[in-house]
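Numbering (this note's numbering), first residue to last: 11 to 273.
Glycine included, each C-beta is placed from N, C-alpha and C at the ideal position.
Working notes, beginning with the structure itself.
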Ligand code: HPA
């Protein structure tokens, strides 16, 4: 697949790979494209089953920064395979990406982060008991260090970009549940006790894979709802998409600024 990419974008070397989460695919319009490649043409890339995920790799520039934008990811819940993104992460590492910038839609566990808020991920809790490095080739490099897995220096730059474009952006811990059912209110109460600030169904596996591949990681969540039981009412994917679409402008401006500043 490296050959496929090299043929479509000869000599192009992305510095940062950007994963666009649910409802956030529109950021790809900010990229001055060099090549756009459907995942279907890239062996090892997932055929995503989530309607809002376009499934395209967009190579190009945002300001001075060369990027590989992944418009859509595969989730653990789609086929019950925790290492679904292994081929993607390996490819972007082989292409030369130094950094993985992740975005996702998440549920908020904090009343001071209402739907539409943005949060910089400072750490994660993997609540699934699964690890994308299960079964990876033996060797000591599978024992990946996860201290500062979300790079503190890059996070500071993300926060500076947020301040520069006037987007409030607290830091917090993201807890990864398998989905696809939403969490129960009791699970969310447990997650609060554990120290989580936001909940979602992605991101943590990609962070582990990226750290294993030697990349730095920086990530943000867009709150699309209060997590189960925090406020009265039911949860649904339509709300995730509606709020993500409505609030994606803030994320778009923040990401553009971060990448224009050279990240
Ligand atoms: N839980 C899990 N994933 C989510 C949520 C949620 O409340 N909102 C958006 N993605």
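Outcome for residue i when other beta-carbon atoms lying within 10 angstroms are tallied against a minimum of 16
i	result
residue 153	exposed
residue 56	buried
residue 92	buried
residue 241	exposed
residue 142	buried
residue 94	buried
residue 47	buried
residue 89	exposed
Close beta carbons around residue i, own chain, < 8 Å, minus the five adjacent residues each side
i	result
residue 23	76, 105 and 106
residue 74	270 and 272
residue 123	129, 180, 182, 207, 208 and 233
residue 78	24, 26, 27, 28, 67, 68, 69, 102, 105 and 107
residue 12	101, 104 and 105
residue 205	135 and 183
Rounded distance between the beta-carbons of residue j and residue i, thought under 8 Å
i	j	result
residue 220	residue 116	No, residue 220 and residue 116 are not in contact; Cβ-Cβ is about 18 Å, not under 8 Å.
residue 118	residue 233	4 Å
residue 184	residue 231	6 Å
residue 113	residue 225	At roughly 16 Å, the Cβ-Cβ gap does not stay under 8 Å, so residue 113 and residue 225 are not in contact.
residue 87	residue 243	With 8 Å as the limit, residue 87 and residue 243 do not qualify as a contact, their Cβ atoms being about 22 Å apart.
residue 126	residue 253	6 Å
residue 200	residue 264	Their Cβ separation, rounded to whole angstroms, is 31 Å, which puts residue 200 and residue 264 out of contact at 8 Å.
residue 258	residue 34	5 Å
residue 262	residue 37	5 Å
residue 121	residue 98	Not confirmed; about 35 Å, so no contact.
Residue i versus residue j: straight-line alpha-carbon distance, rounded
i	j	result
residue 194	residue 239	7 Å
residue 129	residue 100	27 Å
residue 191	residue 210	11 Å
residue 28	residue 68	10 Å
residue 82	residue 186	18 Å
residue 227	residue 157	12 Å
residue 147	residue 103	17 Å
residue 245	residue 175	30 Å
residue 44	residue 149	37 Å
residue 16	residue 65	19 Å
residue 19	residue 198	45 Å
residue 41	residue 70	6 Å
residue 163	residue 218	18 Å
residue 214	residue 169	20 Å
residue 167	residue 267	10 Å
residue 165	residue 30	17 Å
residue 145	residue 249	36 Å
residue 111	residue 229	5 Å
residue 39	residue 260	14 Å
residue 222	residue 151	7 Å
Beta-bridge pairing of residue i - partner residues as DSSP gives them
i	result
residue 226	109
residue 134	184
residue 77	26 and 70
Residues of its chain near residue i, where Cβ-Cβ distance is below 6 Å and the 5 sequence neighbours each way are ignored
i	result
residue 236	118
residue 85	211 and 212
residue 255	33
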